[in-house]
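Have a look at the structure below before the remarks.
There are 2 protein chains.
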Amino acid sequence: MATDKPTIDKVASLAKVSKTTISRYLNGRFEFMSDETRKRIRAVIEELDYRPNNLARGLKSNRSGLIGVLVADIGSPFSSILVKGVGDTCKDRGYQTIIANTDNDPQKEREYIRSLIDNRVEGLIVNITGQNDDFLLELKDEGIPIVVADRPMETLSLDTVTSNNAEMTYRTIRHLYEQGFERVAFITQQISQVRTRYVRHQTFLKACRELYGVDGEKWVYFIDPSDVGSLAQELQAFLEMEDGPAAAFAVNGVTLLSLVKAIRELDLVMPDDLGVTGYDDWGWASLIPPGITTISQPSYNVGVQSALRLIQRIKDNRPKPKLIELPSELIVRGSSVRNVK
Amino acid sequence: MATDKPTIDKVASLAKVSKTTISRYLNGRFEFMSDETRKRIRAVIEELDYRPNNLARGLKSNRSGLIGVLVADIGSPFSSILVKGVGDTCKDRGYQTIIANTDNDPQKEREYIRSLIDNRVEGLIVNITGQNDDFLLELKDEGIPIVVADRPMETLSLDTVTSNNAEMTYRTIRHLYEQGFERVAFITQQISQVRTRYVRHQTFLKACRELYGVDGEKWVYFIDPSDVGSLAQELQAFLEMEDGPAAAFAVNGVTLLSLVKAIRELDLVMPDDLGVTGYDDWGWASLIPPGITTISQPSYNVGVQSALRLIQRIKDNRPKPKLIELPSELIVRGSSVRNVK
DNA sequence: TTGTAGGCGTTATCAA
DNA sequence: TTGATAACGCCTACAA
Chain A
443 MATDKPTIDK VASLAKVSKT TISRYLNGRF EFMSDETRKR IRAVIEELDY
493 RPNNLARGLK SNRSGLIGVL VADIGSPFSS ILVKGVGDTC KDRGYQTIIA
543 NTDNDPQKER EYIRSLIDNR VEGLIVNITG QNDDFLLELK DEGIPIVVAD
593 RPMETLSLDT VTSNNAEMTY RTIRHLYEQG FERVAFITQQ ISQVRTRYVR
643 HQTFLKACRE LYGVDGEKWV YFIDPSDVGS LAQELQAFLE MEDGPAAAFA
693 VNGVTLLSLV KAIRELDLVM PDDLGVTGYD DWGWASLIPP GITTISQPSY
743 NVGVQSALRL IQRIKDNRPK PKLIELPSEL IVRGSSVRNV K
Chain B
443 MATDKPTIDK VASLAKVSKT TISRYLNGRF EFMSDETRKR IRAVIEELDY
493 RPNNLARGLK SNRSGLIGVL VADIGSPFSS ILVKGVGDTC KDRGYQTIIA
543 NTDNDPQKER EYIRSLIDNR VEGLIVNITG QNDDFLLELK DEGIPIVVAD
593 RPMETLSLDT VTSNNAEMTY RTIRHLYEQG FERVAFITQQ ISQVRTRYVR
643 HQTFLKACRE LYGVDGEKWV YFIDPSDVGS LAQELQAFLE MEDGPAAAFA
693 VNGVTLLSLV KAIRELDLVM PDDLGVTGYD DWGWASLIPP GITTISQPSY
743 NVGVQSALRL IQRIKDNRPK PKLIELPSEL IVRGSSVRNV K
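Residue numbers (this note's numbering), protein chains in the order written: chain A, 443 to 783; chain B, 443 to 783.
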């Protein structure tokens with residue numbers, strides 16, 4: 443740095459008071475301060491454009507003003523909008539967010555968490571990979587405030603903010619059923635340990651049993667979203683399996699995108715050849731004729747609520763873990779509506 | 443925190459050496475350290491799961507290991523992918539990124555920058571709003587390493603990583619011209635002070651002069667992307683203005699999305715009623731029949747290069763500012779290809 | 001090869 | 001109403 447930043451000592455000497463008084467001023471404790479000194483201090487601070495050093499503050503006070511956020515994939519709209527919700531909320535309350543991207547890699551997740559803690563973040567908002575539960579619980583036991591965003595832990599032993607996955611999945615399958623589709627392909631990435639995928643998968647099976655009276659497993663397709671060709675093949679096979687109106691449900695936005703690509707590759711017409719539904723309304727779903735039926739998640743609000751809960755917990759870490767489930771919205775469009783009778 | 447974290451003192455006492463030695467160990471200066479003490483220290487550190495406090499480190503050494511990143515809108519794929527590029531690159535080199543979202547608001551931009559500096563970030567990567575040039579230059583003069591990502595400053599007085607906007611815009615208009623479109627609407631948000639918008643706008647005008655021999659201003663439409671209805675009206679007016687094949691160019695991804703929505707609202711057929719091109723290939727452009735012609739920007743790489751340049755500059759802040767222009771790609775799809783002769 | 005001591009910029013506890 | 005002074009956890013001359 444060319445020009446060295448002014449420190450509290452410099453302010454003190456120019457204002458002709460001790461640094462204790464400056465510190466009081468900085469922390470808004472004017473109770474016993476004469477108006478005169480207060481004004482003098484303010485003048486000096488403005489003059490120097492003095493700003494306290496947060497590292498020093500944090501070191502002394504154990505309050506860094508930093509909140510760590512881990513997301514699985516910042517490149518996906520879900521994560522980035524969630525991050526925005528967190529950021530806006532934290533800013534308003536005097537916190538800065540440090541964001542790290544785990545790429546769904548449990549090892550990266552651990553490394554980043556360690557590093558965030560080294561930077562003395564006051565709390566953590568985690569979109570978990572699902573493979574570090576024990577590690578997270580240790581941290582909790584060490585007293586670090588943690589909120590789990592979007593993907594719950596199986597045990598729910600941490601504060602969790604998510605959306606009503608089971609309900610919406612069921613409702614969507616029922617919608618397809620009521621529209622007269624006679625079978626539904628469930629298109630998903632490997633479940634890995636991702637709890638939302640798991641819940642959606644299980645709910646799908648349940649809906650198949652209760653509505654179609656079948657074991658849904660035969661309609662489940664595990665795919666790699668980047669390999670549209672294979673997906674197209676699988677889809678073809680699904681369609682040829684039986685006659686009658688068929689539909690598909692994509693487990694998340696990335697998968698839905700692949701699904702629509704595969705449909706285009708096969709030159710299928712929605713909903714006649716295949717009814718289409720799935721997770722994540724990312725702006726383009728309405729544009730693809732005849733409009734894709736999607737479940738729109740409250741990502742921004744998940745971010746906001748996670749941040750609020752975390753900040754609460756930073757102030758008082760005693761409360762029992764709480765589960766907050768925010769509602770998603772099923773947006774029905776042409777791709778799942780059969781106009782034939 | 444329930445269990446207090448171990449400090450360097452604790453490690454020192456358990457390892458029966460002074461904290462100087464521990465500090466040496468932590469910083470990898472084993473040159474004059476006996477193998478035995480080294481092992482002993484390692485054992486104690488593992489045993490305690492000791493990790494140094496970054497705040498204390500940064501306070502003393504003036505190296506926080508933090509890099510600040512400001513983006514205009516983290517919710518847009520452009521920003522979030524850029525952020526990912528920055529994050530990946532920084533992580534590999536031992537830096538953490540603090541990300542802040544300015545919402546294109548110059549005041550927020552200033553506030554965030556101040557706050558990042560309070561946290562002693564070692565450098566800044568900024569997707570500038572374009573209205574804080576003086577402020578940024580002051581910071582530069584104070585010795586803070588800064589890289590401008592995507593949106594250049596008019597004066598180029600800072601390191602800049604961006605893409606070849608002028609070239610790609612010109613090439614796209616020429617493509618439309620060569621396809622026999624007789625006029626081109628330029629759909630844009632308010633330029634504000636956003637340099638990329640400005641450059642694209644100016645290039646459009648230039649292309650109009652050189653190719654069509656007209657003043658392109660009459661074909662420029664300033665729109666609010668969230669107001670699809672108005673855009674549809676304007677588009678209608680543009681189409682009715684004259685006969686002959688007409689096309690449109692959207693200045694960025696957000697605008698392109700609105701444009702396509704408006705086209706759907708008006709029930710226009712691409713490319714017969716309107717040829718469509720524009721910035722940002724965000725995954726869905728290929729899905730909308732007949733496929734939308736887009737310019738795909740190297741966002742990830744802009745992030746990577748920005749980070750690399752910044753880290754270089756953190757090490758040596760003397761070099762003259764450099765402009766790095768990365769190539770974008772024009773992806774021609776059905777929306778701009780006239781198959782009639 | 002290792003240790004002593006002082007300081008980084010704050011905050012907090014006393015005492016005045 | 002204000003000020004000395006001692007931390008916070010680490011790094012680094014300098015000394016041994």
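Just so you know, even glycine gets a beta-carbon here, dropped at the ideal spot from N, CA and C.
Between which residues of its own chain and residue i is the CB-CB distance below 8 Å, once the five residues before and five after are set aside?
i               : result
V459 of chain A : T479, R482, I483
G536 of chain B : G507
H617 of chain B : T719, T735, L772, V774, S778
E564 of chain A : R505, S506, G507, L508, I509, Y537, P587, I756
Q631 of chain A : R639, F664, I665, D666, P667, V693, N694, V696, T697
Out of the options, point me to the one whose CA is closest to residue i's CA.
i               : options                        : result
V528 of chain A : A:L497, A:P519, A:F520, A:T539 : A:T539
R499 of chain B : B:V525, B:R466, B:D477         : B:R466
K762 of chain A : A:L768, A:S728, A:S770, A:L752 : A:L752
V525 of chain A : B:K533, B:T531, B:D530, B:D515 : B:D515
E871 of chain B : B:V670, B:I629, B:K582, B:E620 : Limits of chain B in this structure are 443 at one end and 783 at the other, which puts residue 871 of chain B out of reach.
P740 of chain A : A:I766, A:P732, A:N546, A:L708 : A:I766
S605 of chain A : A:G733, A:I559, A:V746, A:N546 : A:V746
E620 of chain B : B:W661, B:Q675, B:C650         : B:C650
Y492 of chain B : B:D446, B:A690, B:Q675, B:L653 : B:D446
D685 of chain B : B:D669, B:T645, B:D714         : B:D714
F691 of chain A : A:G717, A:Q675, A:E682, A:R706 : A:G717
S455 of chain A : A:L490, A:E707, A:N496         : A:L490
P731 of chain A : A:R706, A:I633, A:P519         : A:R706
S557 of chain B : A:S476, A:P494, A:V511         : A:P494
Using a 10 Å radius around the Cβ and a threshold of 16 neighbouring Cβ atoms, would you call residue i buried or exposed?
i               : result
M443 of chain B : Summary for M443 of chain B: the model assigns pLDDT 39, below 50, so the residue's position carries little reliability; its value from the coordinates is reported in the next sentence. Burial call: exposed.
A485 of chain B : exposed
N543 of chain B : buried
N694 of chain A : buried
P594 of chain A : buried
V711 of chain B : exposed
K783 of chain B : Legend: pLDDT at K783 of chain B = 48, less than 50; position of this residue unreliable, value from coordinates given subsequently. Exposed, because fewer than 16 other Cβ atoms sit within 10 Å of the Cβ of K783 of chain B.
S521 of chain A : buried
V656 of chain B : exposed
S770 of chain A : buried
K501 of chain A : Inspection of the sequence shows that residue 501 of chain A is occupied by Leu rather than by Lys. Buried, because 16 or more other Cβ atoms sit within 10 Å of the Cβ of L501 of chain A.
V453 of chain B : buried
L598 of chain A : exposed
A674 of chain A : buried
G622 of chain B : exposed
Enumerate in chain order the residues of its own chain whose CB-to-CB distance from residue i is below 7 Å, with the five nearest sequence positions on each side excluded.
i               : result
D451 of chain B : K461
F577 of chain B : R552
V590 of chain B : V568, I570, L600, D601, T602
A610 of chain B : According to the sequence shown, residue 610 of chain B is Met rather than Ala. If we look at M610 of chain B and ignore the five residues flanking it on each side, its Cβ neighbours are I737, S770, L772.
V626 of chain B : I615, L618, W661, A689, A690, F691
Can you name, in chain order, every residue of its own chain whose Cβ lies under 6 Å from the Cβ of residue i, other than the five neighbours on each side?
i               : result
Q573 of chain B : P548, Q635
N607 of chain B : T638, V641, R642
L677 of chain A : A704
E624 of chain A : G686, P687
N546 of chain A : A514, T571
N759 of chain B : P587
I need the boundaries of the alpha helix (DSSP H) containing residue i, first residue and last residue.
i               : result
D451 of chain A : 450-457
I464 of chain B : 461-468
Starting from residue i, follow the beta strand (DSSP E) in both directions and report where the run begins and ends.
i               : result
D714 of chain B : That residue, D714 of chain B, is in no beta strand (DSSP E); it is neither H nor E in DSSP.
S789 of chain A : No statement about residue 789 of chain A is possible, as the shown extent of chain A runs from 443 to 783 and does not include it.
E580 of chain B : No beta strand (DSSP E) contains E580 of chain B, which is instead part of the alpha helix (DSSP H) from 575-583.
L598 of chain B : Here L598 of chain B belongs to no beta strand (DSSP E), and DSSP marks it neither H nor E.
V590 of chain B : 588-591
Handout entry: Those runs of the beta strand (DSSP E) which lie wholly inside the region 654-727 of chain B and span at least 3 residues
Key = 662-664, 688-692, 717-721
Practice task
Scan the region 614-659 of chain A and note each continuous alpha helix (DSSP H) run of 4 residues or more that stays entirely inside, going in chain order.
Solution key: 637-649
Handout entry: Complete beta strand (DSSP E) runs within the region 753-780 of chain A (minimum length 3 residues, chain order)
Key = 765-768, 771-773
Practice task
Run through the region 480-515 of chain B for me and flag every whole alpha helix (DSSP H) of 4 or more residues, listed as ranges in chain order.
Solution key: 496-503
Handout entry: Segments of 4+ residues assigned as alpha helix (DSSP H) that fall wholly inside the region 534-575 of chain B
Key = 548-560
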